[in-house]
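Participant:
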Amino acid sequence: MSGRARGLPLGPGVFGRLLALAMAVLLYLAMLALVLAVGADRRLTATASLPVVVAIEPAASGDAGRVRAELQLILLRLRAMPDLLAVAVDTEHEQAWPEPWLASVAAPPVRLTASFAPDGAGEASTRLAVLAAALPEARVREVVDEVAAGQDWARELRFAGVALGAVLVLAVAAMAGAAARLTCRHCRNTVEVLIGLGAGVMRVTRAMEGVAVRLTIEATLLAAAAVLASLLLVTRLPALEARLPVTGLGAAELVLLATVPLLAALLGALSARLVASRQLRVYA
Amino acid sequence: MDSSVAVVARLRGAALRYGTAADVLSDVDLTIAAGSFQFLIGPSGAGKTSLLRLLGLAHRPSAGSVVLFGRDVAALSTEQRDRLRRRIGFIYQDLRLIDELSVLDNAALPLRLAGVEDAKATGHARMLLAWLGLGELVEVSPSRLSMGQRQLVAAARAVVCRPGLLLADEPTSYLDPDLAARLMRLFRELTKVGTGVLLATHSRELVARHPAPVLRIAAGRLAPPVAAKPMAA
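Going down the list, the sequences are from chains A and B. The numbering of the first sequence is my numbering, which starts it at -7 and goes up by one. The numbering of the second sequence is my numbering, which starts it at 879 and goes up by one.
1) Leaving out the 5 sequence neighbours to the left and right, which residues in its chain are closer than 7 Å to B:R895 when beta-carbon positions are compared?
2) As a quick exercise: from A:A217, A:A264 and A:T208, pick the residue whose alpha carbon is nearest that of A:A12.
3) Beta strand (DSSP E) containing B:G967: first to last residue?
4) Is A:L127 buried or exposed, if buried means 16 or more other CB atoms sit within 10 Å of its CB?
5) If you measure beta-carbon to beta-carbon, which residues of the stretch 934 to 950 of chain B are closer than 9 Å to chain A?
6) With 16 as the cutoff for other CB atoms within 10 Å, does A:M73 come out buried or exposed?
7) Taking 9 Å as the CB-CB cut-off, is A:Y275 touching chain B?
8) For A:A191, I'd like the list of residues in its chain whose CB is within less than 6 Å of its CB, leaving aside the five on either flank, ordered along the chain.
9) At the level of alpha carbons, what is the spacing between B:G925 and B:I1095?
10) Could you give the DSSP three-state label for B:L954: helix, strand or coil?
11) Let me know the secondary structure DSSP gives A:A113 once reduced to three states.
12) Check for me: the alpha helix (DSSP H) holding B:A1046 runs from which residue to which?
13) Going by DSSP, what residue range makes up the alpha helix (DSSP H) through B:T1069?
14) Counting only Cβ pairs nearer than 7 Å, list the residues of chain B close to A:T182.
15) Looking at the unbroken beta strand (DSSP E) that takes in A:S269, where does it start and where does it end?
16) Return no unless some Cβ of chain B is closer than 9 Å to the Cβ of A:P230.
17) Report back the beta-carbon spacing between A:G5 and A:L266 to the nearest angstrom; my notes put them in contact at under 8 Å.
18) Measuring CB to CB, does B:S1051 end up less than 9 Å from B:T1079?
19) Quick check: is the beta carbon of B:A1035 nearer than 9 Å to any beta carbon in chain A?
20) Pull up the distance between the alpha-carbon of A:A113 and that of A:A166, whole angstroms please.
21) Based on Cα-Cα distance, which residue from A:A256, A:E245 and A:P1 lies nearest to B:S980?
22) Leaving out five residues before and five after B:G934 in sequence, what residues of the same chain have Cβ atoms less than 7 Å from its Cβ?
23) So which residues of chain B does A:A171 contact, with C-beta pairs closer than 9 Å?
24) Grouping DSSP H, G and I as helix and E and B as strand, with all else coil, what is A:V135?
25) A:G31 CB to nearest chain B CB: under 9 Å?
26) Just mark A:T37 as buried or exposed, buried being the case when its beta carbon has 16 or more other beta carbons within 10 Å.
27) Give a yes or no on whether 9 Å exceeds the smallest Cβ distance from A:A191 to chain B.
28) Would A:A204 and A:Q271 be called neighbours here (beta carbons separated by less than 9 Å)?
29) Pairing CB atoms from the stretch 1062 to 1071 of chain B with CB atoms from the stretch 954 to 962 of chain B, are three or more of them under 8 Å?
30) Along the stretch 1058 to 1072 of chain B, where does the CB come closer than 8 Å to a CB of chain A? Name the residues.
31) Nearest by alpha-carbon distance to A:R71: which of A:A231, A:F108 and A:E129 is it?
32) Can you tell which of A:V59, A:G260, A:Y275 and A:L28 has its C-alpha closest to the C-alpha of A:V161?
33) Can you tell me whether B:S1021 is buried or exposed, with buried defined as 16 or more other CB within 10 angstroms of its CB?
34) Using 9 Å as the limit for Cβ to Cβ distance, is A:M200 near chain B?
35) Verify the CB distance criterion: does A:G260 have a CB-CB separation below 9 Å to chain B?
36) Pop quiz: B:D977 and B:S1019 are said to be a contact at Cβ under 8 Å. What is the actual Cβ separation, rounded to whole angstroms?
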């Protein structure tokens, strides 16, 4: 008896093979999602020390003298804040002057731009809330430059990558269960014959589980090869590589990536065992 | 029945239902002695196959008791049921040969599953197949055989382990009278070594040619056994 699962003539059939192909595609997407999440995390780590920049506009407007006086008052309060890094004065002509020259700036000032050291999480919203409380009469908003926008994007990408990876791994596990069910249907007569001949319900269950796990492993290998090929492709395209820094993945990241197929295989085996046991419960 | 004769199967008030549907078997009392041969006849849908499947441990009774080889199957663990199944030969009406295996591998499968050494298993199966006239076809796939030849392979697979109980569901439906007679002779030989045989059939001719007690089933209920009639002249 050649090519049989655990010595029993049970196989996945054509639909099982197609299912394995679909599993490979899902696993590929799962690993790719995780690669994106890792890339996004690296980007966040690299930019975590960037200062938080806010623009502060006085409540008064029109009267240059009142605006200047109000800005002086705001400056005094800002200087009391320990993590203030720098303040600039913006004029109507879109010129920015360092704050010590506020008194001597000829053009009417309109707002202050202050930068603060980032807090632990690097969240600007916390900083804005503190400032809004300290300066209730002023209008405070975050200055979102390209780097800050990139941080938000990276944060969302990291979350989406992990979430998508997890969902896809669960989907693969469910498909492994479906593979066991398909094997059972494809080999319904064979299963009954084998059990009738005394092959043993547990042995047949394990064989069906083995078929599903084998399909998962085949799908994993296929997906891993596709992921490696994709990563090589990304590193050769500078525009992509700039957005997705995937070169030089560390050992921790590689271990994380390797857990995806392992987790899928483990969950797949559990799912397949559950399905096979349920299908064969009638004989037990 | 003589109490000194060993009983391989005994059903008392046995019933069977699939899911929540109505009973397909009701209140079945049946005894199969070692070395006995009985026909089971009845119209389509009467419950012949269900009764064989119940005896073959493909289902649990929904009521009553099923005792095989002296053991109440309701009290058995999964492993014990597996072991009991090895003592039962089953010829399925739809044959259920495994086309991915050769004729020889199909016939030797029960021996291999029972852990018999490979050379011994194939040797034994080869000899049986040769006796059934399939000696030249052992290496081909069953899918290349005629239905009659496939039926003989299914019979070989069922008897190769010399079971204590043989359940045959229309085993001669595709066979010409000569081959059917050959198969019946094989079954008779088995009874001599203690196998209890229950053979379900539609064929009045088969029943007429081979005198044996006849069990009649209708609407899932078994009528009392009818004594064997002498063979028609």
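Glycine included, each C-beta is placed from N, C-alpha and C at the ideal position. If you're wondering where the values come from, they're calculated on a predicted model, not measured in any experiment.
Facilitator: Here's the rundown:
1) D901, V902 and S940
2) A:T208
3) I966 to I969
4) buried
5) G934, L935, A936, H937 and R938
6) exposed
7) yes
8) none
9) 7 Å
10) coil
11) Below a pLDDT of 50, predicted positions are generally treated as unreliable, and A:A113, at 48, falls in that range; the measurement from the model is reported next regardless. It is coil, neither helix nor strand.
12) Per DSSP, B:A1046 belongs to no alpha helix (DSSP H); it is in the beta strand (DSSP E), L1043 to D1047.
13) P1055 to K1070
14) I976
15) That residue, A:S269, is in no beta strand (DSSP E); its alpha helix (DSSP H) goes A243 to L272.
16) no
17) Contact doesn't hold; Cβ gap of about 20 Å is too wide.
18) yes
19) Inspection of the sequence shows that residue 1035 of chain B is occupied by Arg rather than by Ala. Yes, B:R1035 lies at the interface with chain A (some Cβ there is under 9 Å from its Cβ).
20) With a pLDDT of 48 at A:A113, under the threshold of 50, the predicted position of this residue should be treated as unreliable, and no value is reported.
21) A:P1
22) I966, F968 and L1045
23) Per Cβ cutoff of 9 Å: no residues; A:A171 is ~18 Å from chain B at best.
24) coil
25) no
26) exposed
27) yes
28) no
29) no
30) none
31) A:F108
32) A:G260
33) exposed
34) no
35) no
36) 5 Å
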